[in-house]
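Report on the structure given below.
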Amino acid sequence: MSEQNTQPEDELEWVSKTQRKQESEALQKLGRQLTEMGDQLLLKLPLDESLLEAIQLAKRIRNKREGYRRQIQYIGKLMRQRDCDDIIKAIALIEAKKQQDNQAFHQLENTRDAIIAEGDSAIQQFIDDYPQADRQRLRQLSRGAQREQKQNKPPKSARELFKYLREIAESSAE
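For what it's worth, the UniProt record's numbering labels the leading residue of the sequence shown as 1, then goes sequentially.
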């Protein structure tokens, strides 16, 4: 009786050429996204030295079309050689933070507009949310913004009101 070899061989997963190209293009797209980021953000990402240098070179030669294209391909090649999940997660965290900040900014703009339009009721609602806010200062800035709006003057008080609202919101977040 002959025994058959029941041990599974190390099977390599077959990947089609199309799938490899799609993965390569996705990494190149990620590389383009990295070249559009600022230097301070790049330093926060888990990039190794060779990849960081390649990204910085791509930033410098952006206006040279063919050279830039080849550099992006090189960045894609470097990224294929390593695990990019941690880079993708770090970028997602940065994007989420940016979106959260943007949402807070719009919320403050809406609050400012409500304070200018509604007056004391909106001021009271803001003070309920942020008890450390100065009611007198809010009323003063609101009246000034309403006056400037009626006289078609530049919105100096509205800008000051927004700065004050942002100051209060940031101080309570800390």
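Note that CB positions come from ideal geometry on N, CA and C, so glycine has one too.
Predicted, not measured: the structure shown is a model, and the values here were computed from it.
CB-CB under 8 angstroms to residue i, same chain, minus the five flanking residues each way: which ones, in chain order?
i	result
I123	I115, R135, L138, R139, S142
Q33	I91
L57	Q71
Y130	I168, A169, S172
I55	G31, L34, T35, L42, L47, I75
R80	E23, S24, L27
Q73	Q28
Rounding to the nearest angstrom, what Cα-Cα distance links residue i and residue j in this structure?
i	j	result
R70	D48	20 angstroms
K29	A96	19 angstroms
P154	K21	55 angstroms
S50	Q40	17 angstroms
Q107	D101	10 angstroms
Q45	G119	The sequence as given places Leu at residue 45; Gln does not occur at that position. If you take the alpha carbons of L45 and G119, they lie about 45 angstroms apart.
K156	I61	42 angstroms
N152	N110	20 angstroms
residue 194	Q103	Given a span of 1 to 174 for the chain in the structure shown, any question on residue 194 remains unanswerable.
Y68	L78	15 angstroms
I94	K64	29 angstroms
residue 195	R166	Because the chain is modelled from 1 through 174, residue 195 falls outside the range shown and cannot be assessed.
E174	T18	50 angstroms
E66	E53	18 angstroms
K59	M37	9 angstroms
E13	K98	38 angstroms
K89	V15	25 angstroms
Below 7 angstroms CB to CB, which residues in the same chain sit around residue i once its five sequence neighbours on both sides are set aside?
i	result
G76	S24, L27, Q28, G31
I127	A133, R135
At a threshold of 7 angstroms, does residue i count as lining the ligand NAP (C-beta to nearest heavy atom)?
i	result
Q73	Inclusion of the ligand NAP in the displayed structure is not the case, the ligand content being empty and no account of it being possible.
Counting only the same chain and skipping the five closest in sequence on each side, list residues whose C-beta sits under 6 angstroms from that of residue i.
i	result
Q125	none
Report yes or no: do three or more beta-carbon pairs, one from the region 82-89 and one from the region 141-160, lie closer than 8 angstroms? Remark: fewer than three beta-carbon pairs, one from each stretch, lie closer than 8 angstroms, so the region 82-89 and the region 141-160 are not flagged as touching.
Does the region 104-118 touch the region 153-171, meaning 3 or more C-beta pairs lie closer than 8 angstroms? Inter-segment contact for the region 153-171 and the region 104-118 is present: three or more beta-carbon pairs are separated by less than 8 angstroms.
Output the residue ranges of the alpha helix (DSSP H) runs that lie fully inside the region 54-105 and measure 4 residues or longer, sorted by chain position. List check, alpha helix (DSSP H) in window: 65-80.
Mind pulling the alpha helix (DSSP H) runs of 4 or more residues that sit fully within the region 107-149? Here the runs fully enclosed are 120-129.
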